[in-house]
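Here the structure comes first, spelled out in structure tokens, and everything after it is commentary.
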Amino acid sequence: MNASFKTILMTGAILGVIGVAISVAGCASAPTLPTATSVAAGVTRVDLGDVRVTTLKEGSAQRVLDASFVKNASLEEVRQALAAAGLPGDRVEIPFTVFFVEIGGERVLFDAGNGEFGAATSGKLLESMSKAGIDPASVTAVVISHFHGDHINGLRNKAGELVFKNAKIYVPEVEWNWWMDDARMAAAPEAMKGTFQAARRVFGPIASYVVKFAPDSEVLPGIRAVAAHGHTPGHTAFLVEGKARRLLYWGDTTNIAALFVRHPDWAVMFDMDPEAARQVRRRLAERVLQEDLLLAGYHLPGAAVGTLSRRGSGYEFTPLAP
Ligand SMILES: [Zn+2]
């Protein structure tokens, strides 16, 4: 063996040792990503150790893009951000994803979709559940992030029947107190009345046994509410405690990722208190990074569960699966 070959071998051995050291250190600071298994189109399964998450595509809705969509950026800036993500500049497509979480003995849905009340391109939750082999009657809990129609309308169909007939419904107490207040509804601007009415249609007949949880309380074993008020007065995120990995479902903390994950200081037209929503976006994004949480969001792209990283003055979301 000549000297230079011996050097290469030794260097290789040393690099190998360093490689192991780096990967061990890497494990400590950044756990490996859980595997995401595609079950069917629009259905992805992610294992968090003892907790299993299934993403259920609910559909999407398109809007013509105009200056009103982002309250505090020019149409030109918004178009540039969309172009940077390879998206068209004349419209926005808002995706909807519902999350099904098996934790302890509970089978939990996070939000309930548009049901029969949204765009023709939405309302596909039951179809996705069927592809995933999940019987709606087997759902034990539906946990609601806030009362906008795309999150609650799927709880009750047009015939008036509850869609998840054996599930307990959990709602943020602050959100309930806001939208179920008749005096506030009477005084509300016309454009907001639809949300008040949807809340009454969905929750009215079950008002006495809907479970109202307090901000930052434990909703179910392993599921903690994280107050994220701003998008709506009681908008709530949820921390799901898997043994291998923890996940934050942040509901509507961001609308389209290319705009509001990349530019967290921008306010979508649906944010009722834009400054509070902006602070929540910053605070939760920093928490996701610091605690190395998996991130899930109702309007995030792809499988809508993935990782967050820092990019420029904002962040970037990378889904675990397309
Ligand atoms: Zn929404």
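Its first residue numbered 395, the sequence shown is counted upward by one per residue in my numbering.
Glycine included, each C-beta is placed from N, C-alpha and C at the ideal position.
In the DSSP annotation of this structure, LYS606 is not part of any alpha helix (DSSP H); the continuous beta strand (DSSP E) holding it starts and ends at 605-607. Under the three-state reduction of DSSP output, GLU452 falls in the strand class. The C-beta of GLU584 has fewer than 16 other C-beta atoms within 10 Å across all chains shown, which makes the residue exposed. As DSSP reads the structure, ALA478 sits in no beta bridge. Looking at GLU669, SER524, VAL674, VAL662, the one whose alpha-carbon comes closest to that of ALA467 is VAL662.
Not one heavy atom of ligand 1 sits closer than 7 Å to the Cβ of HIS623.
The criterion of a C-beta distance shorter than 8 Å is satisfied by ALA475 and ARG656. Nearest Cα to ASP686 within the set PRO695, GLY696, ARG704, GLN673: ARG704. Sixteen is the threshold: since fewer than 16 other Cβ atoms of the shown chains lie within 10 Å of the Cβ of ASP444, the residue is exposed. Taking a contact to require three or more Cβ pairs closer than 8 Å, the segment 585-605 and the segment 512-525 do not qualify as touching. Inside the segment 575-662, DSSP marks whole beta strand (DSSP E) runs of 3 or more residues at positions 605-607, 612-614, 617-621, 630-635, 640-643, from first to last along the chain.
For PHE511, the secondary structure class from DSSP, reduced to helix, strand or coil, is helix. Nearest to PHE493 by C-alpha distance, out of LEU653, ALA535, SER707, SER611, is ALA535. Between the segment 508-516 and the segment 547-556 there are three or more inter-stretch CB-CB distances shorter than 8 Å, so the stretches are counted as touching.
Contact annotation: PHE504 and GLU452 have beta-carbon atoms that are not nearer than 8 Å.
Ranked by Cα distance from ASP484, the first of TRP644, VAL495, ARG457 is ARG457.
Annotation for TYR709 indicates a beta carbon at 7 Å or more from all heavy atoms of ligand 1.
The beta carbons of VAL533 and ASN560 sit closer together than 8 Å.
In terms of CA proximity to MET574, LYS606 leads the group PHE558, ALA553, GLU555, LYS606. With a beta-carbon spacing of about 16 Å, HIS693 and THR630 fall beyond the 8 Å limit used to define contacts.
Beta-carbon to beta-carbon, GLY708 and PRO658 are separated by about 5 Å, close enough to satisfy the 8 Å threshold. The C-alpha of ASP529 lies about 14 Å from the C-alpha of LEU556. In this chain, the alpha helix (DSSP H) harbouring LEU683 covers 668-684. Residue state for GLU555 is assigned as coil, using DSSP reduced to three classes. Within 10 angstroms of the beta-carbon of PRO716 lie fewer than 16 other beta-carbons, which makes it exposed.
Judged by the Cβ position, HIS657 fails to qualify as a neighbour of ligand 1 at the 7 Å threshold, every heavy atom of the ligand being at least this far.
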